[in-house]
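Going left to right, the sequence shown walks through residues 200 to 777 as the working numbering numbers them.
For every residue, glycine included, the Cβ atom is placed at its ideal position computed from N, Cα and C.
These figures come from a predicted structure and were not determined experimentally.
Here is the structure we will look at.
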Amino acid sequence: MVKPFPLSASPQVMDLTALRAVLSDLRGRILPSRFEKAQQPDAHGLQLGFRTLKGMVWLELSWQAELARLVQIPPPRREGSGSTLAQQIQHSLKQLALVSLMQDGFERVVRFGFAPRPGAEIQRWLVLELMGRHSNLMLLDEQERVIALGRQVRDHQSRVRPISTGDPYLPPPPLQGIHPSTQESFERWQERLMLLPVPLGDALRQSYQGISPALARQLAHDDPEVSKQRLNQSVQELSEPEWRALHSRWHSWLRQLEDEHFQLRIDRAGRYQVWSGEEGANPEAEEPLSLRLGRHYRDQLERRQLEQIARELRQSLDHWREREERQLAEQLLKLKETEQATALQHQADALLCLSEPKRTQIDEAQKLYRRARKLRRAVPQLEERERHHQQRLQLIEGSDGFLEDLLTASWDEALERVGRLKELKQELEELLQPRQRSKRTGSPQRRDGSPEPLELRSPAGLTIQVGRNHRQNDWISLRQARPGDLWFHAQECPGSHVVLKASTGLAGEADLELAADLAALFSRARRNRRVPVVMVPVEQLQRIAGAGPGTVRHRGGAVRWAEPERAEQRLSAGELLA
């Protein structure tokens, strides 16, 4: 069983400072630019493509409550262009240019202005509000009436600011606190923060606008542990040197904010910072800040999604395993009871062998005979049920191995692993609870297209296929295999089927070694230094009747000793991908 693990920390929320840094980076690169494409990949996000003199630039606008953001992203996959919101924006912004990118004060509200050409009157506004659970996206006409929006806000949802299509746009309520300013003296700044005997973190956020938990942590100290301790410390307990050091960092932040002097740093824990505690020249970055931040958020979200799906799948596997073990124990107990049949037969014989059996004794003997016959007739059915539950437990055990493989395959893209986990989850639901699934969906889902196993390239250029779930195992071993292909599997151990396509060319020793190493790596024995792996011509494979997909038996074959670490090193180095 795969050991449970906690979800990683939530990605850092985009605050005012990070938003200012992104806007500063984008203005010099996308103003002006021609709008070309809108697509909505999920319910709380929009992707916009703009054509500049240097090529396409894609932005992601998200009003997700936990992680509202504006970032640049690499060219995305084509998905979500048919959503109502994407179609409305595509139609409204067609043949318009992005000519304005505005953000006022310390509000996390961005206004994208669109006009037929630079210098012309703005005809459309796209407003992105990054305000936690109140985040939203609105498309406005030239009179600033709402044409489309990310989510409707009804009267019962907000008494302050309900929003629907056709309403005039109203800005969000003003922020609490005052604007931070470099003109404020140290004494007045300190006095304002010491007004109430509260922790420093609370004092910063309550007194000034634009202070997020992340920014407060960055202002307090560079060391995360020292920063956490200081933010939890009462303002009454801070020493004069600590106040002076905090004020110095405060002024450094404000000056860099005013001068738009930003640089992105990301630590190992996934926390990022767009300003420096020590002012100086910005190092040249290989990519724009907004694109680096977009990649960071994508990686963080994909990892969270991977962990979430893995946790759900693990819970399902544990539930299914417990159910099958319980039902198997029940069948074994009933099978044990059938051993009483012979004893019951002897009891009945003894009653009928009496010299003058009474009527009641004859009736009792008949009952014993019937019960013995019933127990004997039940044996084949109980043995079949026992095999059924054993096979399902083997299926679950193999799925545990697939899950562990996908979680530890750091050489593979997170998004690719997310897709494979979803496929495995759907497969198991269809195999282990088909009745419940058909009730929910109306009928079992049909799978479009063929399975897509992992395909790698051997030293001689031959294709090596690796199954990452049960159906892929079945497909590469029994459906796609051709005479001459070689099948590999860790001996007496759940794991992936590996097929070396030796039917297309001559396989050398290096090819056989790699295929065996891969079979060891993609098995439950992957942590062992050396693993015995069975190598069998595919002609000697045979499907086991009544068993789940990917369950085979074989005749003969040879055993090779494999080293999973060798295969893992080559995968991590990117040497094997076909």
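A check of alpha carbon separations from R332 across V397, E612, A264, Q238 identifies A264 as the nearest. A Cβ-Cβ separation of about 11 Å leaves A413 out of contact with R404 under the 8 Å criterion. Under the three-state reduction of DSSP, D458 is assigned to helix. Taking C-beta atoms as the reference points, A714 and I663 count as a pair closer than 9 Å. For the 9 Å CB-CB criterion, H753 and V732 do not form a contact.
By the C-beta criterion, the stretch 718 to 737 is judged to be in contact with the stretch 751 to 769, since at least 3 inter-stretch pairs fall below 8 Å. Q462 and Q246 have their C-alpha atoms some 24 Å from each other. A check of alpha carbon separations from E651 across L661, P658, A659, V665 identifies V665 as the nearest.
If you compare the alpha carbons of R268, E320, E585 with that of E259, the shortest gap goes to R268. Counting only runs of at least 3 residues, the stretch 278 to 336 fully encloses the following beta strand (DSSP E) elements, listed from N- to C-terminal order: 296 to 301, 308 to 314, 323 to 328. Shown here, Q246 sits in a strand according to DSSP, grouped into three states.
The DSSP-derived three-state label of F234 is strand. Between Y496 and P682, the gap from beta carbon to beta carbon reaches 9 Å or more. In the structure shown, S722 falls within a strand segment according to DSSP collapsed to helix, strand and coil. A577 sits away from K535, with the two beta carbons spaced by 9 Å or more.
DSSP, reduced to helix, strand and coil, places A761 within a strand of the structure shown.
Look at the beta carbons and you see the stretch 687 to 698 touching the stretch 733 to 745: at least three pairs across the two are nearer than 8 Å. Judged by DSSP secondary structure, P579 falls within the alpha helix (DSSP H) whose first and last residues are 558 to 607.
Here A237 is near S280, since their CB atoms are less than 9 Å apart. Remark: C-beta atoms of L516 and S649 do not approach each other more closely than 9 Å. In the DSSP assignment, R503 falls within the unbroken alpha helix (DSSP H) covering 488 to 536. Annotation for K700: L661, T662, I663, Q664, R681, D684 place their beta carbon closer than 8 Å to its own, counting only its chain and skipping 5 residues before and after. With a contact defined as Cβ atoms closer than 8 Å, L418 and W449 qualify at about 6 Å.
Assigned with DSSP and collapsed to three states, D673 falls in helix.
Annotated three-state conformation of Q690 is coil, per DSSP.
Close CB contacts of L295 within its chain, under the 7 Å cut and outside five residues either way in sequence, are with F234, F313, A314, P315, Q322, R323 (chain order).
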